[in-house]
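Structure record follows, encoded as structure tokens.
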Amino acid sequence: MDDIVEESESTVPLTTQINTSQGSDELNAISQIKSSGKSKQKINVKEELEKRQGGKQLLNLVVIGHVDAGKSTLMGHLLYLLGHVNKRTMHKYEQESKKAGKASFAYAWVLDETGEERQRGVTMDVGMTKFETKSKVITLMDAPGHKDFIPNMITGAAQADVAALVVDASRGEFEAGFEAGGQTREHALLVRSLGVTQLAVAVNKMDQVNWQQDRFREVTSKLGHFLKQAGFKDSDVFYVPTSGLSGENLAKCSQIPDLTSWYKGPCLIDQIDSFKAPQRSTDKPFRLCASDVFKDQGSGFCVTGKIEAGYIQTGDRILAMPPNETCTVKGKQIDLLSKNNLSYFYCCMCFGPATSESSVCT
Ligand code: GDP
Numbered sequence: 001m002d003d004i005v006e007e008s009e010s011t012v013p014l015t016t017q018i019n020t021s022q023g024s025d026e027l028n029a030i031s032q033i034k035s036s037g038k039s040k041q042k043i044n045v046k047e048e049l050e051k052r053q054g055g056k057q058l059l060n061l062v063v064i065g066h067v068d069a070g071k072s073t074l075m076g077h078l079l080y081l082l083g084h085v086n087k088r089t090m091h092k093y094e095q096e097s098k099k100a101g102k103a104s105f106a107y108a109w110v111l112d113e114t115g116e117e118r119q120r121g122v123t124m125d126v127g128m129t130k131f132e133t134k135s136k137v138i139t140l141m142d143a144p145g146h147k148d149f150i151p152n153m154i155t156g157a158a159q160a161d162v163a164a165l166v167v168d169a170s171r172g173e174f175e176a177g178f179e180a181g182g183q184t185r186e187h188a189l190l191v192r193s194l195g196v197t198q199l200a201v202a203v204n205k206m207d208q209v210n211w212q213q214d215r216f217r218e219v220t221s222k223l224g225h226f227l228k229q230a231g232f233k234d235s236d237v238f239y240v241p242t243s244g245l246s247g248e249n250l251a252k253c254s255q256i257p258d259l260t261s262w263y264k265g266p267c268l269i270d271q272i273d274s275f276k277a278p279q280r281s282t283d284k285p286f287r288l289c290a291s292d293v294f295k296d297q298g299s300g301f302c303v304t305g306k307i308e309a310g311y312i313q314t315g316d317r318i319l320a321m322p323p324n325e326t327c328t329v330k331g332k333q334i335d336l337l338s339k340n341n342l343s344y345f346y347c348c349m350c351f352g353p354a355t356s357e358s359s360v361c362t
């Protein structure tokens, strides 16, 4: 515990000004300078992280693709197969979706939580869930495919380390999503420009084309050509034939003869497990890029943003740039904002006099 206080007591000058702020010009970057010493208890961040991760690496995965490609169904079904949704809840979703005349969306309801999303049958916001693979803890972000919700999709993609691109293999549907006006290219370009280099492509709805190898080849060769141009290395793109609806090739390798006769690769979850996890810079000085600043109800104000490096604890003193002012962290919260607010994964901090609460935010 002590070493953390020691570490945060040393002054860390803010050498680079980070500016990704869209909402506020006033406060663009915040850097930890020293602990106020007033906070009662400090957490050993390394130990805490180790405990929470259980020795597994963390990986943020965003699911992208054209509307109706089957993203929510595929991920909802995967979560069900992994035991994250119990049979009773799934049965309830099946009954309710049937009643609403949307029986085929039962698995999608696992992730599409709001009434409007269910009614319209489209994902509007970024659904976020955790699941585990053999060697990783995955935070899954189900991004909306519909073009009206591209800003929400960007918010999800900005947090991602890797992506799963879902394409509909059905004849005509893949083409519709891939051609001008479709979101397949747009999403792939977006995640690449946001730093994602590793991509799993779920060639979905393969049940609709009788698991034909020729169709798989056709889709993957068209996509492969484009993804290369978009800046993805061939060796970092992996294609997996799937059916989100029947659950084939998601959590375990499919036994369907029409598929096993030509596909010998991993199922989707094993593919995700084999992604390389990025280095997390918790050892580095604290840096938060502010995305919004708003007045607190009390004397202080709240800042939301993405933590780029380091960690923060209540009571720490930090430097805000500009206007080069120091302040004390009064409290912080992760994922506190409502579904309609686009600040998932963001940390919100209130500044003012230190409180005795001690928790950690990395
Ligand atoms: P999203 O907009 O990409 O999230 O797509 P949804 O998950 O909402 O799915 C759109 C429609 O495609 C729903 O009717 C699903 O039941 C259907 N669907 C999804 N995956 C499959 C699949 O693998 N096979 C078939 N036949 N239909 C699917």
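Everything in the sequence shown is counted per the UniProt record's numbering, starting at 1 for the first residue and increasing by one.
By construction, the Cβ of each residue, glycine as well, lies at the ideal position given by its N, Cα and C atoms.
Does the separation of the CB atoms of LEU61 and LEU250 fall below 8 Å?
Within the sequence shown, residue 61 is the residue found at index 61, counting from 1. Within the sequence shown, residue 250 is the residue found at index 250, counting from 1. Taking 8 Å as the Cβ cut-off, LEU61 and LEU250 do not qualify as a contacting pair.
Let me see if you follow: with CB-CB separation under 8 Å, is VAL137 close to chain C or not?
This model lacks chain C altogether, as it is built from one protein chain only.
Going by C-alpha to C-alpha distance, which of PHE301, MET90, GLN297 and SER291 sits closest to ILE307?
Numbered from its first residue, the sequence shown carries residue 307 at position 307. It is SER291 whose Cα lies nearest to the Cα of ILE307.
What three-state label does DSSP hand GLY177 in the structure shown?
For the purposes of this step, residue 177 is taken as the residue at position 177 of the sequence shown. Note: GLY177 maps to helix in three-state DSSP.
Go through the region 226-263 residue by residue and report every complete run of the alpha helix (DSSP H) that reaches 4 residues or more, in order.
257-260
Under the rule that 16 or more other beta-carbon atoms within 10 Å means buried, what is GLN198, buried or exposed?
As a working note, residue 198 is residue 198 in the sequence shown. Buried: at least 16 other Cβ atoms inside 10 Å.
Does DSSP classify LEU268 as helix, strand or coil?
Reading the sequence shown from its first residue, position 268 is the one you call residue 268. DSSP places LEU268 in helix when its eight states are reduced to three.
Tell me GLY300's beta-bridge partners as DSSP assigns them.
Mapped onto the sequence shown, residue 300 falls at position 300. DSSP lists no partner for GLY300.
Helix, strand or coil: which one does DSSP assign to ARG192?
By 1-based counting over the sequence shown, the position of residue 192 is 192. If DSSP states are grouped into helix, strand and coil, ARG192 belongs with the helices.
The beta strand (DSSP E) spanning GLN57 covers which residue range?
Working through the sequence shown from its first residue, we reach residue 57 at position 57. Note, GLN57: beta strand (DSSP E), 57-64.
Assign ARG171 to one of three DSSP states: helix, strand, or coil.
The residue labelled residue 171 in the question sits at position 171 within the sequence shown. The answer is coil: DSSP assigns ARG171 none of H, G, I, E or B.
Using the C-alpha atoms, what's the distance from ARG317 back to ARG287?
By one-based count along the sequence shown, residue 287 stands at place 287. By one-based count along the sequence shown, residue 317 stands at place 317. C-alpha separation (whole angstroms): 13 Å.
Ordered along the chain, which non-local residues of its own chain (more than five positions away) have a Cβ less than 7 Å from that of SER97?
Locating residue 97 in the sequence shown gives position 97, where the first residue counts as 1. Closer than 7 Å at the Cβ level, and outside the excluded window around SER97, lie ALA103, PHE105, ALA106 and TRP109.
Can we say the region 165-181 touches the region 79-94, given the rule of at least three CB pairs closer than 8 Å?
no
If PHE294 and GLN271 are in contact, beta carbons under 8 Å, what's the gap, nearest whole angstrom?
Residue mapping note: residue 294 aligns to position 294 of the sequence shown, counting from 1. Residue mapping note: residue 271 aligns to position 271 of the sequence shown, counting from 1. Wrong, their Cβ atoms sit about 41 Å apart, outside the cutoff.
Please give me, in chain order, every unbroken run of the alpha helix (DSSP H) with length at least 4 that falls completely inside the region 197-229.
213-229
Which two residues bound the contiguous alpha helix (DSSP H) that contains ARG317?
Position 317 of the sequence shown holds residue 317. That residue, ARG317, is in no alpha helix (DSSP H); its beta strand (DSSP E) goes 316-321.
Determine the extent of the alpha helix (DSSP H) in which VAL45 is found, giving its start and end residues.
By one-based count along the sequence shown, residue 45 stands at place 45. Its alpha helix (DSSP H) spans residues 45-53.
Taking 8 Å as the threshold, find out whether the region 219-230 comes into contact with the region 155-174 through three or more Cβ pairs.
yes
Following a CB-centred definition, is ALA69 positioned closer than 7 Å to any heavy atom of ligand 2?
In the structure shown, ligand 2 is absent; the only ligands present are ligand 1.
Reducing DSSP to helix, strand and coil, say where PHE286 ends up.
Mapped onto the sequence shown, residue 286 falls at position 286. Coil at PHE286, not helix or strand.
Taking the alpha-carbon positions, what's the LYS330 to ALA160 distance?
Residue 330 sits at position 330 when you count from the first residue of the sequence shown. Residue 160 sits at position 160 when you count from the first residue of the sequence shown. Near 28 Å, if we compare the C-alpha coordinates of ALA160 and LYS330.
Counting Cβ pairs, one atom from each stretch, are 3 or more of them under 8 Å apart for the region 83-101 and the region 65-72?
no
Over what stretch of residues does the alpha helix (DSSP H) that includes LYS99 continue unbroken?
In the sequence shown, counting from the first residue as 1, residue 99 sits at position 99. Per DSSP, LYS99 belongs to the alpha helix (DSSP H) from 87-99.
With a cut-off of 8 Å, do at least 3 Cβ pairs link the region 255-269 to the region 202-216?
yes
Examine ligand 1 and report whether any of its heavy atoms sits within less than 7 Å of the Cβ of GLN208.
Within the sequence shown, the letter at position 208 stands for residue 208. Flag set: Cβ of GLN208 near ligand 1.
Is it right to say LYS42 is buried, meaning 16 or more other beta carbons lie within 10 angstroms of its own, or is it exposed?
Start at 1 with the first residue of the sequence shown, and residue 42 comes out as number 42. Buried: at least 16 other Cβ atoms inside 10 Å.
ALA320 and PRO285: beta carbons closer than 8 Å?
Mapped onto the sequence shown, residue 320 falls at position 320. Mapped onto the sequence shown, residue 285 falls at position 285. Taking 8 Å as the Cβ cut-off, ALA320 and PRO285 do not qualify as a contacting pair.
Give a single yes or no on whether residue 363 has its beta carbon closer than 7 Å to a heavy atom of ligand 1.
Outside the modelled stretch of the chain, which goes from 1 to 362, sits residue 363, for which no answer is possible.
Leaving out five residues on either side along the sequence, give the residues of the same chain with a beta carbon under 7 Å from the beta carbon of LEU189.
As a working note, residue 189 is residue 189 in the sequence shown. Cβ within range, chain order: ALA230.
What residue from GLY195, GLN297, GLU50 and LYS134 has the CA that sits closest to ALA158's CA?
If you number the sequence shown from 1, residue 158 lands on position 158. Out of GLY195, GLN297, GLU50 and LYS134, GLY195 has the C-alpha closest to the C-alpha of ALA158.
Determine the contact status of THR220 and HIS66, defining contact as a CB-CB distance below 8 Å.
Within the sequence shown, numbered from 1, the residue matching residue 220 stands at position 220. Within the sequence shown, numbered from 1, the residue matching residue 66 stands at position 66. Against a cut-off of 8 Å, the Cβ pair of HIS66 and THR220 comes out as no contact.
Would the C-beta of ASN86 count as close to ligand 1, meaning under 7 Å from any of its heavy atoms?
On the sequence shown, position 86 is the one that residue 86 refers to. No, since every heavy atom of ligand 1 falls outside the 7 Å radius drawn around the Cβ of ASN86.
Limits of the beta strand (DSSP E) - the one that LYS276 falls within:
Locating residue 276 in the sequence shown gives position 276, where the first residue counts as 1. No beta strand (DSSP E) contains LYS276, which DSSP labels as neither H nor E.
Under the three-state DSSP convention, the category SER72 falls into:
As a first step, residue 72 is located in the sequence shown; it is residue number 72 there, counting from the start. In this structure, SER72 counts as helix in the three-state DSSP scheme.
Nearest-angstrom Cα distance between LEU268 and VAL240?
Position 268 of the sequence shown, counting from 1, holds the residue named residue 268. Position 240 of the sequence shown, counting from 1, holds the residue named residue 240. Answer to the nearest angstrom: the Cα atoms are 6 Å apart.
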